[in-house]
Structure formats: C-alpha cells, structure tokens
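Engineer:
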Amino acid sequence: MRSFPAEQPSAVADAGDLLVTLTEHHEDFDCHLGDLHDRRCPPAGLRIWDKTSGRPLRTVSGVNPGGTGNPMLVTAVLDGRTVAVVGLWREPPVMLDLATGDRIGVLPGHEDAIDVQALALAGTDVVTAGWDGILRIAGRDVAFETGERSNALAVLDVPGRRAAVVTGRDAVTLWDLTDGAPLGRLDVDAHALATWPGSPSVAVQDRAGGIVLWDTATGAHHHPATPPVREFGRLGAVTTPAGRRLLTLDGGSAVHLWDVAADREFGAPLRGPLLGAQVIAAGPGTLIAASADDDTVSLWRLGENRAPEEIRSPGDIRRIEVTADGWVVGDGGPVRWRVADGVRGPGGGDFPSDQPLRVRLDGELVATFHGSLGGVRLTGDRTIEHPYPPRGAAAGLLAGRRAIAVNWMFGPFTVYDLDTLTEIPAPADVAIGESPRAWAGDAVVTVRLGEVLAHDMRTGVITPLQPKEDEPVTALAAFGTVVAVARTDGTVAIVDVPTARERDRRTFPFAATALTWVPTGELIVAVRRDLYCAVPLLN
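Residues in the sequence shown are numbered consecutively from 1, following full-length UniProt numbering.
Written out as structure tokens, the structure reads:
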C-alpha cells in the first residue's frame with residue numbers, strides 16, 4: 001500500500017490511526033556502519049507516526065531498550081488512555097501516553113519486575129513474562145508462578161478461556177489467565193511464538209529454525225510439510241480478509257507467507273524494503289512491516305489469491321561468478337542465468353559455505369580461505385600457512401609474476417608468488433583493517449568501511465578512490481584498470497584506478513550484495529535476489 005522512511009525501527013505496534021516504532025540503542029561494534037555509527041545512527045527512543053500519511057508526529061527520547069536482544073513494544077488502552085508499553089533492560093516496563101508523548105510511569109503491578117523479557121496484549125490487559133518465572137497481568141495484581149525462565153510469550157483463545165503460552169528451558173507451556181492453572185505442554189526448545197486472535201493454535205519456532213503448529217484445544221501438533229524458510233528468523237501470524245490463517249516467516253530480504261490449513265506457501269513472498277523485517281497484523285488482510293536495516297515502515301494489503309513465486313534465486317545472492325560459456329552462477333541456490341538474455345538454466349555454481357572468499361586470476365580460481373581459519377588454500381592442495389585468517393586477498397600480475405596479496409587479520413600485508421609461494425617485496429603499505437578486494441592494473445584496491453584506496457604495487461603511491469564518499473562499501477570488483485564499487489545507498493560507481501576518475505554511476509533499489517564482470521565488459525550486479533546486467537561507460 002505504501003512505505004515511509006523511519007529511523008532504524010526494530011519494533012512496530014499498531015494504534016489505530018497511529019503507528020509506533022522503537023529504535024534501539026546499540027554500540028559501534030554492533031552496527032553495520034562501524035565507525036560511522038556515531039554520526040549516522042539515530043538516538044534510541046520511541047517514534048509516533050500518522051499511519052495514513054507516514055508523517056512523523058513526535059519522538060520520545062530517553063526510552064532505551066538496548067541490551068534486551070528482543071525489542072518489546074505493545075500498545076494498549078489503559079485507564080482510558082492509549083499508551084505504548086516498552087520493555088527495558090533491567091528495569092520495569094514503562095508506559096508512554098501516545099497523545100502527548102509523556103512518560104506516565106511503569107506498567108501497573110510491575111514496579112519490581114525487572115526481569116521482563118516479553119510483552120503481549122490480552123484484550124485490554126498487558127501480560128508479561130520473564131526470567132523470574134512469573135506470568136503477570138498488569139493492573140490486576142495477578143501473578144502466576146510458572147517455574148520457567150521465559151524469553152517469549154503469546155496470548156491465545158482456548159475454548160471458554162483466554163490463555164498465555166510461554167517458552168521454558170525445554171518446553172512451551174500453556175497457562176489459564178484467570179486462575180493460573182497449567183493447561184498444556186509441548187516439548188520443544190522454542191525461540192519464538194505466534195498466535196491468531198480467536199484461535200487456539202500457536203506456531204512455535206524452535207532454535208534450529210523449524211516450525212511446529214500446536215492446537216492447544218486438542219493437544220495435536222505437527223510440522224509444516226516444507227517450511228519455506230529454514231534459517232533462523234522472525235515469526236508472525238496474520239489472517240487474510242476471509243480469515244485464512246497465515247504465518248509470516250523472515251526470509252532475509254523477503255517475507256514468506258505460509259497457509260496453515262493448506263500446509264503450503266501462500267503465493268510469492270512479499271518483497272520490498274523488508275530486510276530482517278518484523279511483521280505484525282493490523283486487522284484482517286493488512287500487514288505492517290518494520291525494517292531497521294532498510295530504515296523503512298511499510299503497509300501491505302493482502303488478498304485471497306496471490307500469484308506463485310516468479311523465477312529468481314531462492315535465497316539472497318552473496319557471491320556470483322561468470323562461467324567461460326556465458327552463464328552467471330550464484331550462491332543463492334541451484335540456479336544460473338545466461339548473460340546474453342537472462343534465461344534461466346539448470347544447475348548452479350559450486351560455492352562451498354566454508355569458503356567466504358574465492359580469489360580468481362584471469363578467470364582461474366587460484367585461492368580460497370575459510371572464515372576464521374588461518375592461512376590461505378591455493379590450487380593444487382597447496383597452502384600459505386599463517387596463524388591468522390586473511391582479512392582480504394587479491395591476485396594479479398606483479399612485474400610479470402603471478403602474485404597474491406594478503407592482509408592478515410592481525411598481521412602484516414604480504415605479497416606471495418603464486419607459483420613458488422615465496423614472498424615478493426612490494427612497496428605498498430596496507431594498514432591493519434584494510435581488506436584487499438581487487439587487483440586492478442598495477443594496484444591492489446582495499447576497502448575499510450566507506451574508504452576505498454588504490455595501492456600502487458610498483459611505486460607504493462596510495463590513491464583514494466571516491467574520497468568524498470563515506471557510505472560503507474558492500475561489494476567491489478575489478479575489470480582491467482577499472483573497479484565497480486557498490487555502497488549501502490544503492491549506488492554502483494565505475495572508477496578508473498590510474499586516474500581516480502569516476503566514469504559511470506548507477507542506482508539500484510537496494511545495496512548490491514555482489515558484483516562480477518563479464519569478459520566482454522558487462523557488469524553483473526546482484527541486489528538481494530535479483531540480478532542486473534549493466535553495460536557501463538568504459539571509454
């Protein structure tokens with residue numbers, strides 16, 4: 001329906017004509033912007049928005065949920081006022097008046113409840129659970145001992161009563177909210193829970209990312225036939241206008257919908273500004289999604305009939321290569337595309353998960369390294385032994401010799417002869433923290449956050465490329481003496497390394513996740529699950 005820019009919304013709540021978002025406090029070491037965190041990240045707090053226009057109405061600062069690891073936010077009508085309830089770290093949950101933005105105290109009956117880890121709404125009651133093993137109902141002076149350290153909570157309707165389901169050490173337990181009586185137990189180590197209004201069913205996500213559907217009225221439970229998302233992510237529950245129950249599953253850059261009754265995926269995934277999104281229901285057929293990575297809140301209207309998934313990668317594309325016969329292969333799944341016309345072909349590329357970086361020279365794979373392990377593995381079962389893992393590597397020609405340049409995580413920048421494995425003295429000086437990404441002509445190009453430097457391997461001269469840019473670099477690839485540089489703002493610039501002149505610039509819907517060049521000069525750009533073939537200006 002519409003989207004509007006928001007400030008790192010880690011949680012979202014619906015309040016009629018208003019939307020409420022929560023921005024968490026985080027440190028620079030937890031931020032994808034790194035050293036730019038202090039300049040670019042908004043302060044923690046609550047934001048109140050007009051739902052129709054997306055216009056920001058007010059910001060409530062000083063509300064810092066940092067440290068919980070699980071943003072806690074609900075809206076409720078308490079004592080005739082519409083309030084937002086926010087769970088804080090090692091403090092009782094606080095209430096804020098949405099009409100004025102004023103902080104009006106802690107949640108009733110929770111003055112000493114500092115271990116709250118989850119909030120849920122039960123009609124006009126706010127229910128909490130946490131590490132103290134107590135289930136509380138705000139304002140009713142009701143507290144039940146569960147005996148379980150809980151991280152997640154949901155409220156559902158069992159026939160004739162309202163109940164709460166909470167996570168424990170090795171099980172999910174069900175409790176009557178009237179008298180605190182235990183009603184049931186499901187033996188699963190749960191990470192997240194989701195329920196539908198008026199339904200006795202609860203969806204449980206285990207710590208391996210699997211889904212279990214539990215009918216608390218009958219005690220029956222089952223696993224969906226083929227869960228569309230196997231990785232660990234967020235879980236939500238929504239309904240269509242006709243009342244069809246769906247699960248929302250975080251698929252990284254998309255949100256998958258799972259039809260519970262039919263036990264199959266409900267049409268194509270939702271795509272857009274949805275990276276790591278939290279999804280909540282805003283009435284039948286209406287969804288609200290908040291993405292802290294995309295700085296966006298979006299509203300969606302969901303129909304009964306949705307088109308099937310279109311042909312594209314089943315997963316986000318992080319690495320791409322072009323084969324000698326003109327096919328693009330990626331690591332998003334067993335698929336490939338023909339460069340000439342984009343036609344999909346059978347099979348895919350071989351991208352072992354333990355090889356986060358693969359170095360090529362003139363199309364030949366010459367080296368790989370394996371994440372946290374030290375050293376570099378070369379072709380022919382040879383290795384460059386080193387106690388530290390490489391921060392980055394690039395291969396090229398140095399004085400006619402095939403060479404590989406490596407900057408070790410906590411060690412020196414070193415250049416090796418690829419054929420003899422002997423060190424080659426080079427005048428280039430690459431600092432710790434710089435990651436060699438490409439060898440362009442006579443220069444090794446390195447990246448450190450938003451800084452791109454060309455180190456001339458003959459003279460030692462260091463040339464900044466795009467010196468006025470500070471957006472972090474998401475991908476970089478070389479073609480001859482030019483490099484393509486992708487940044488978090490969605491731009492991809494083509495820069496001539498010897499002159500440091502920008503030749504071309506393109507803007508994509510989101511930041512590119514991978515780049516590669518075709519031998520004839522086309523640039524292949526992977527943007528999440530999409531591939532673009534660009535013909536840049538190289539002359």
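Glycine included, C-beta positions come from ideal geometry on N, C-alpha and C.
What does a CB cutoff of less than 8 Å around R306 pick up in its chain, not counting 5 residues either side in sequence?
Structural biologist: Around R306: L257, F266, G267, A268.
Engineer: Here's a check: name, in chain order, each residue in its chain whose Cβ is nearer than 8 Å to the Cβ of W327, leaving out the five neighbours to either side.
Structural biologist: Excluding sequence neighbours, W327 sits near R336, W337, R338, V339, G345.
Engineer: Answer yes if the region 282 to 294 comes into contact with the region 490 to 506, meaning at least three C-beta pairs across the two stretches below 8 Å, and no otherwise.
Structural biologist: No contact exists between the region 490 to 506 and the region 282 to 294.
Engineer: Would you decide whether R391 is buried or exposed? Buried here means 16 or more other CB atoms lie within 10 Å of its CB.
Structural biologist: By the neighbour-count criterion, in which a residue is buried when 16 or more other Cβ atoms sit within 10 angstroms of its Cβ, R391 is buried.
Engineer: In chain order, which beta strand (DSSP E) runs of at least 3 residues are fully inside the region 110 to 167?
Structural biologist: 116 to 122, 125 to 130, 134 to 137, 142 to 145, 153 to 158, 161 to 167
Engineer: Would T167 and A181 qualify as a contact pair, given that the criterion is a beta-carbon distance under 7 Å?
Structural biologist: no
Engineer: Counting only runs that start and end within the region 448 to 505, where is the beta strand (DSSP E) found for 3 or more residues in a row?
Structural biologist: 451 to 456, 462 to 465, 473 to 479, 482 to 487, 491 to 496
Engineer: State buried or exposed for D102, treating a residue as buried only when at least 16 other CB atoms are found within 10 Å of its CB.
Structural biologist: exposed
Engineer: If you count every other CB in all the chains shown that lies within 10 Å of the CB of R2, and 16 or more means buried, which is it?
Structural biologist: exposed
Engineer: Going by the beta-carbon positions, is the gap between T516 and E364 smaller than 7 Å?
Structural biologist: For the 7 Å CB-CB criterion, T516 and E364 do not form a contact.
Engineer: Express the C-alpha separation of V415 and D381 in angstroms, rounding to a whole number.
Structural biologist: So the two alpha carbons sit approximately 19 Å from each other.
Engineer: Taking the beta carbon of H110 as the centre, do at least 16 other beta carbons fall within 10 Å, making it buried, or is it exposed?
Structural biologist: Buried, since its Cβ has 16 or more Cβ neighbours within 10 Å.
Engineer: When you compare only the Cα positions, how much space is there between V86 and L73?
Structural biologist: 5 Å
Engineer: What three-state label does DSSP hand R90 in the structure shown?
Structural biologist: coil
Engineer: Just to confirm, does D489 get its C-beta within under 6 Å of one of the non-hydrogen atoms of the ligand NAD?
Structural biologist: In the structure on display, the ligand NAD does not appear, and there are no ligands present to speak of.
Engineer: Are R318 and A477 closer than 7 Å when you measure CB to CB?
Structural biologist: no
Engineer: Can you check which of these residues, A217, T178, P197, is closest to V158 by C-alpha distance?
Structural biologist: A217
Engineer: I need the boundaries of the alpha helix (DSSP H) containing R39, first residue and last residue.
Structural biologist: DSSP places R39 in the uninterrupted alpha helix (DSSP H) bounded by 37 to 40.
Engineer: Tell me E423's beta-bridge partners as DSSP assigns them.
Structural biologist: DSSP lists Y416 as partners of E423.
Engineer: Taking the beta carbon of A431 as the centre, do at least 16 other beta carbons fall within 10 Å, making it buried, or is it exposed?
Structural biologist: With fewer than 16 other Cβ atoms within 10 Å, it is exposed.
Engineer: Helix, strand or coil: which one does DSSP assign to D381?
Structural biologist: When DSSP states are grouped into helix, strand and coil, D381 belongs to the coil group.
Engineer: Based on the DSSP output, what are the partners of F510 in its beta bridges?
Structural biologist: In the DSSP output, where bridge partners are listed per residue, F510 has none listed.
Engineer: Does the contact criterion of 3 or more C-beta pairs under 8 Å hold for the region 274 to 288 versus the region 232 to 251?
Structural biologist: yes
Engineer: Taking 7 Å as the cut-off, decide whether the C-beta atoms of V127 and V155 are in contact.
Structural biologist: yes
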